[in-house]
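37 is the number of the first residue of the sequence shown in this note's numbering; add one for each residue after it.
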Amino acid sequence: MRIAIVSDAWRPQINGVVRTIETVSQLLRTDGHEVEVFGPDRFRTLPCPSYPEIRLSLFPSARLAHMLRLYAPDAIHLVTEGPLGWAARKFCLARDIPFTTAYHTRFPEYVQARIRLPLSWSYAFMRRFHAPSAGVLVVAQSIRDDLTQRGFKNLVPWSRGVDIAAFHPRSRTQTGDARPIWLYAGRVAIEKNIKAFLDLDLPGTKWVVGGGPQLGELKRRYKDARFFGSVDTDELSLRYAESDCFVFPSRTDTFGLVMVEALASGIPVAGYPVPGPLDVVTDPKVGALDEDLRTACLAAIDRDPADCRRHAEGFTWERCAAQFLAALQPIPRGVWQPLKRRALPDAAAS
37 MRIAIVSDAW RPQINGVVRT IETVSQLLRT DGHEVEVFGP DRFRTLPCPS
87 YPEIRLSLFP SARLAHMLRL YAPDAIHLVT EGPLGWAARK FCLARDIPFT
137 TAYHTRFPEY VQARIRLPLS WSYAFMRRFH APSAGVLVVA QSIRDDLTQR
187 GFKNLVPWSR GVDIAAFHPR SRTQTGDARP IWLYAGRVAI EKNIKAFLDL
237 DLPGTKWVVG GGPQLGELKR RYKDARFFGS VDTDELSLRY AESDCFVFPS
287 RTDTFGLVMV EALASGIPVA GYPVPGPLDV VTDPKVGALD EDLRTACLAA
337 IDRDPADCRR HAEGFTWERC AAQFLAALQP IPRGVWQPLK RRALPDAAAS
């Protein structure tokens, strides 16, 4: 099968969405499928206001339509509700082409955290985007339940996995920091609620791994915490394994892949009892959830690393890729006739 994946989130961004697309695409290619990701790297872009690390495609409709016609895919999947997602949606609806979408991000909550836009307005925007989708892939049962109550249709389960070869327990080294070491890893942005973690009165040392628009502010304000910025997979794996507890303060994530990576490294997880943590920390042996985040941290830290590792091994990328493939909607071949598949244009300069 020839599969087109359209995503506003793509390299060089480092986040769970990009990691999911990369891993699933590679597994599908290994199984003999052709996969092409249509990301912002192929278009003229501008920096996202308040988040310059994210590039937004500028008027992508004509170029994207041209590339999709050349590629003539057997199935189209839309990852995000950004400019590329809307352009692909328009292209498909105009030609009566079926497509699937994914609900990766609790966009309404993110927007509310930044500009206080009413949730009802943002959810109306999201419902409109996903309404024509033949299947809306959603990672967590708690999120599917919430979206159902908000009027979303055609919701399809889509699990996540973890690279258990890359993320694994290691022998502890002397870091020079007082233990216990409490780790947060992920985007450093207001919607991640990192201040709730950094404000906690905890023994030991707090580590923050990741980049984002709030990094400079938090580094200036929290002098006692260590900030590592964006790191590659090898260093991220090392930071997990060297820490004693992973703290996930976000209340707005759909899942939180970093929690599974921490568990695979033998590190317990502490968080709030909200969607995301509720769908990962399903066994009290691997962490603790509490509305008092400090209570959750102090309860989680004594968990057995072996239990954490075993729990993480239940999350497989192979299952994730199989669910993705099964959800795709085949495009009738007559849609592309009499076009012939040809090479795609090179990526555009940003």
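Ideal Cβ positions, reconstructed from N, Cα and C, are used throughout, including at glycine.
Among all the DSSP beta bridges, which residues are the ones paired with I367? For the purposes of this step, residue 367 is taken as the residue at position 331 of the sequence shown. DSSP, once it has assigned bridges, lists no residue as partnering I367.
Please state whether the Cβ-Cβ distance between T116 and A130 is less than 9 Å. Against the sequence shown, residue 116 aligns to sequence position 80. Against the sequence shown, residue 130 aligns to sequence position 94. Their beta carbons are not under 9 Å apart, which means T116 does not touch A130 by this criterion.
Could you tell me whether the Cβ atoms of R206 and L274 are closer together than 9 Å? Translated into positions along the sequence shown, residue 206 becomes position 170. Translated into positions along the sequence shown, residue 274 becomes position 238. Cβ distance < 9 Å, so R206 and L274 count as in contact.
In the DSSP output, which residue or residues are listed as bridge partners for F284? Against the sequence shown, residue 284 aligns to sequence position 248. Its beta-bridge partners are G307.
In the DSSP assignment, what are the bridge partners of T81? For the purposes of this step, residue 81 is taken as the residue at position 45 of the sequence shown. BP columns for T81 point to S93.
W194 and Y220 closer than 9 Å at C-beta: Counting from one through the sequence shown, the residue named residue 194 turns up at place 158. Counting from one through the sequence shown, the residue named residue 220 turns up at place 184. By the CB criterion at 9 Å, W194 and Y220 fall outside the cutoff.
Output the distance between the C-alpha atoms of S97 and G370, rounded to the nearest integer angstrom. Along the sequence shown, one-based indexing puts residue 97 at 61. Along the sequence shown, one-based indexing puts residue 370 at 334. Straight-line measurement puts the Cα of G370 at about 22 Å from the Cα of S97.
Identify every residue that forms a DSSP beta bridge with W218. If you number the sequence shown from 1, residue 218 lands on position 182. According to the DSSP secondary-structure assignment, W218 is paired through a beta bridge with K242 and C281.
Report the rounded CA-to-CA distance for S93 versus L234, giving the unit in angstroms. Working through the sequence shown from its first residue, we reach residue 93 at position 57. Working through the sequence shown from its first residue, we reach residue 234 at position 198. Those two C-alpha atoms are separated by around 34 Å.
With 16 other CB atoms within 10 Å as the buried threshold, where does D289 fall? On the sequence shown, residue 289 is found 253 positions in, with the first residue counted as 1. That one is buried.
If I follow the unbroken beta strand (DSSP E) through E72, where does it start and stop? In the sequence shown, residue 72 corresponds to position 36, counting from 1. Looking at the DSSP string, the run of the beta strand (DSSP E) that includes E72 is E70 to F74.
Are the region 253 to 267 and the region 287 to 303 touching by the rule of at least three beta carbon pairs closer than 8 Å? The region 253 to 267 is not in contact with the region 287 to 303.
From which residue to which residue does the beta strand (DSSP E) around I41 run? By 1-based counting over the sequence shown, the position of residue 41 is 5. The continuous beta strand (DSSP E) containing I41 extends over residues R38 to V42.
Counted within 10 angstroms of its Cβ, other Cβ atoms place L155 as buried (16 or more) or exposed: Reading the sequence shown from its first residue, position 119 is the one you call residue 155. L155 comes out exposed.
Report, in whole angstroms, the separation of the C-beta atoms of E70 and I41, which I expect to be a contact under 8 Å. Counting from 1 along the sequence shown, the entry for residue 70 is found at position 34. Counting from 1 along the sequence shown, the entry for residue 41 is found at position 5. The Cβ separation is near 11 Å, so there is no contact.
Please name the residue or residues paired with Y139 in a DSSP beta bridge. Residue 139 sits at position 103 when you count from the first residue of the sequence shown. V174, per the DSSP bridge assignment.
Quick one: grab the DSSP three-state call for G350. Numbered from 1 along the sequence shown, position 314 holds the residue referred to as residue 350. Of the three classes helix, strand and coil, the one that applies to G350 here is coil, per DSSP.
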